[in-house]
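Right, one structure below, let's go through it.
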Amino acid sequence: MVLVLALPFGVRAQPLDGDALWSLQARPNARLGLAFPGADPQFYPLMSQAGLGVVRVTANWGRISPQRGQWNFSGLDRRVRALGDLGIDAFITFESTADWATQQGQPVKNATPNDMAEWAQFVATVVERYDGDGQGDMPRLRRPVRYYQAANEFMSPTNRSGGWAGTHAELLTYINTAHDAVKSADRRAVFVLGGIAAFNMDIALLDAGLARFEVRQSWSARSQTVFDPRDLDNPVIRDLIENRFKQIITRARYDMADVHLYGPESRDGARLAYMRQLSRRPVLSSECGGPSLDYGGQYSGQAHYAAVLERNLETLAAGASFCLWFGLGEGITATYGNRRVQLYDRQEREKPGVHAYRLLARLIDDRTEVTRLGADAFVLRTGSDRVCIATHGRGHGALALACGADAPALCVTNAQDQRTSAGDLRNLPQFCPEDGVVIAGSGLSQRLAVLDE
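Its first residue numbered 41, the sequence shown is counted upward by one per residue in this note's numbering.
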């Protein structure tokens with residue numbers, strides 16, 4: 041189907057084919073990204089082709105320095121170089137897992153260093169290698185690394201994705217030491233505080249009286265942890281909230297705060313707003329994904345397409361820099377709830393969210409302002425162009441007010457089978473079902489045609 045969009049007088053209309061949504065091309069976009077691409081760079085072009093411009097990788101102390109005085113950057117060099125060659129910026133998260141340099145018996149990736157001076161030396165050596173100042177740089181470094189992070193998901197003493205098993209005071213020293221080491225090597229670098237897990241952030245919202253919802257994490261289809269709000273009075277929980285969560289966020293040295301965004305997308309705005317209020321710093325999300333299975337949801341191609349749009353637009357509308365989608369391909373280590381969020385399936389076939397990312401990469405640039413219109417609805421303003429998007433039926437009604445009832449619209453009715461319908465917003469109920477994803481606006485044709493010239 042071909043839909044001709046109404047444009048201002050004197051501007052030649054360009055036909056928009058609904059089927060073209062599934063054949064868009066994209067370039068790396070600095071407002072879109074991914075976490076954990078895997079160690080094999082042969083798959084990295086898939087990210088640049090999806091429009092992803094920031095990618096999170098890890099700098100593991102034990103792999104880079106297996107013994108005191110020994111350094112092996114080959115693995116991290118390979119990943120940073122491959123990303124740079126594709127025009128993608130690396131985001132590096134430090135992990136302190138060197139057996140020779142950390143306390144033993146801690147089931148976390150942020151093990152407590154025996155000597156903070158050695159921890160500082162490791163961090164500074166990594167930053168110096170990728171800062172692009174011409175001194176000690178990685179050979180063929182094309183894109184200096186801007187973002188560095190330490191203490192991923194530091195709330196739990198048993199979190200194998202990050203965690204912290206030392207004392208609160210040791211954690212503060214650990215973070216501040218990493219911050220100071222990053223800045224000593226590259227004062228322009230951005231130091232990001234380790235991300236707060238979505239489960240923990242939701243508990244913090246309950247504690248602050250900013251939300252009333254269920255907080256849960258599923259371990260399998262039949263096993264889950266549900267937080268009981270009465271546990272907010274438990275001395276252990278109170279200690280974690282007051283002396284770890286709040287103290288680290290308000291007293292540590294860092295440039296940006298980080299919230300991981302999983303579970304219901306509708307919570308993201310409150311999560312990010314509270315973190316910005318508490319930290320008094322800009323925010324981002326170094327992990328995000330959907331659809332989540334934690335709250336009884338199920339995976340579908342339509343839900344995957346909608347989740348990529350809604351999670352990214354919620355993040356940008358909240359003023360965050362970006363969110364980094366969790367995983368390039370299925371099969372990476374993940375919780376039960378996040379095991380289907382990745383962009384490619386186990387047979388290396390692209391999932392519908394890849395097409396959603398290509399769409400976002402075409403609609404968003406560094407000038408674009410994203411505003412939330414209400415539940416599941418957003419307007420993207422780039423200069424005089426407006427594009428309205430609703431990811432579910434609850435948001436359909438808000439689009440006409442922002443983009444006009446006569447605005448031409450596309451409705452993605454089945455992202456898995458790549459089906460669309462077309463009309464205008466006035467007649468939306470006639471051609472778009474309740475679970476349809478709507479993309480509308482007079483600026484749509486120009487934004488999608490940029491790379492087709």
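We put the beta carbon where it would ideally sit given N, CA and C, even for glycine.
What's the call for residue i, buried or exposed, on a 16-neighbour Cβ count within 10 Å?
i: D492; result: Unreliable placement is indicated for D492, whose pLDDT of 46 sits below 50; the coordinate value is still reported in the next sentence. Its Cβ having fewer than 16 others within 10 Å, D492 is exposed.
i: P153; result: buried
i: W101; result: buried
i: G176; result: exposed
i: T431; result: buried
i: T500; result: One cannot answer for residue 500 here, as it falls past the ends of the chain, which runs 41 to 493.
i: A53; result: For A53, the predicted model reports a pLDDT of 35, less than 50, meaning its position is unreliable and no value from the coordinates is stated.
i: A75; result: buried
i: E327; result: buried
i: W111; result: exposed
i: R320; result: exposed
i: L45; result: Bear in mind that the predicted position of L45 carries a pLDDT of just 37, short of 50, making it too unreliable to give a figure here.
i: V266; result: exposed
i: G145; result: exposed
i: D279; result: exposed
i: N274; result: exposed
i: S485; result: buried
i: V477; result: buried
i: R71; result: buried
i: A221; result: buried
i: N467; result: exposed
i: D129; result: buried
i: P55; result: Bear in mind that the predicted position of P55 carries a pLDDT of just 42, short of 50, making it too unreliable to give a figure here.
Confirm, please, whether the CB-CB distance from residue j to residue i is below 9 Å.
i: W204; j: Y214; result: yes
i: I289; j: L399; result: no
i: R487; j: T422; result: yes
i: D171; j: R96; result: no
i: A90; j: A347; result: no
i: V255; j: I236; result: no
i: L61; j: V452; result: yes
i: A297; j: V232; result: yes
i: L356; j: I281; result: no
i: V323; j: A292; result: no
i: S105; j: A151; result: no
i: A218; j: W159; result: yes
i: V163; j: L364; result: no
i: R351; j: E370; result: no
i: G124; j: F362; result: no
i: F83; j: E388; result: yes
i: L92; j: Y397; result: yes
i: T165; j: Q257; result: no
i: A310; j: L250; result: yes
i: N216; j: G202; result: no
Nearest by alpha-carbon distance to residue i: which of the options is it?
i: P81; options: G309, R121 and G336; result: R121
i: L246; options: R307, A209, E210 and T198; result: R307
i: Q143; options: M156, G369 and I132; result: M156
i: D59; options: H395, G433 and G483; result: H395
i: T133; options: R118, S340, K149 and G481; result: K149
i: D268; options: R293, Q287, F239 and R262; result: F239
i: A141; options: G124, F131, Q161 and D129; result: Q161
i: F285; options: S196, G481, D117 and P77; result: S196
i: S482; options: G476, L450 and N454; result: L450
i: S63; options: M241, L368, Q458 and D295; result: Q458
i: K391; options: T408, T375 and A343; result: A343
i: G115; options: A79, G127, M87 and E388; result: A79
i: G303; options: D129, M241 and G249; result: M241
i: S424; options: I277, T408, R434 and V299; result: T408
i: L86; options: T98, G336, L181 and Q65; result: Q65
i: E433; options: R180, P473, M178 and G127; result: Note on residue identity: the sequence assigns Gly, not Glu, to residue 433. It is P473 whose Cα lies nearest to the Cα of G433.
i: L126; options: P179, T198, G337 and P68; result: P68
Along the chain, where does the alpha helix (DSSP H) containing residue i start, and where does it finish?
i: A443; result: A quick correction: the sequence has Cys, not Ala, at residue 443. Residues H436 to C443.
i: W159; result: M156 to Y170
i: L301; result: From DSSP, L301 is part of no alpha helix (DSSP H); its letter is neither H nor E.
i: W204; result: Neither: W204 is in no alpha helix (DSSP H) and is coded neither H nor E.
i: I479; result: That residue, I479, is in no alpha helix (DSSP H); its beta strand (DSSP E) goes V477 to A480.
i: I243; result: A238 to D247
i: S485; result: L484 to A489
i: L356; result: G341 to A357
i: Q338; result: Note, Q338: premise wrong, no alpha helix (DSSP H); not H, not E.
Examine the ligand NAP and report whether any of its heavy atoms sits within less than 8 Å of the Cβ of residue i.
i: L92; result: Inclusion of the ligand NAP in the displayed structure is not the case, the ligand content being empty and no account of it being possible.
Give the range of the beta strand (DSSP E) segment to which residue i is assigned.
i: P32; result: With the chain running from 41 to 493 in the structure shown, residue 32 is simply not present.
i: T133; result: D129 to E135
i: G309; result: Here G309 belongs to no beta strand (DSSP E); instead the alpha helix (DSSP H) covers D308 to S319.
i: N69; result: N69 to A75
i: R426; result: D425 to A430
**OP:** Please confirm if the segment 437–453 is in contact with the segment 409–428, defined as three or more CB-CB distances below 8 Å between the two stretches.
**Re:** yes
Subject >> Three or more C-beta pairs below 8 Å linking the segment 376–394 and the segment 328–340 >> reply: yes
Original post:
Is it true that the segment 206–213 meets the segment 314–324, where meeting means three or more beta-carbon pairs spaced less than 8 Å apart?
Top reply: no
Original post:
Is the segment 162–171 in contact with the segment 180–199, if contact means three or more CB pairs nearer than 8 Å?
Top reply: yes
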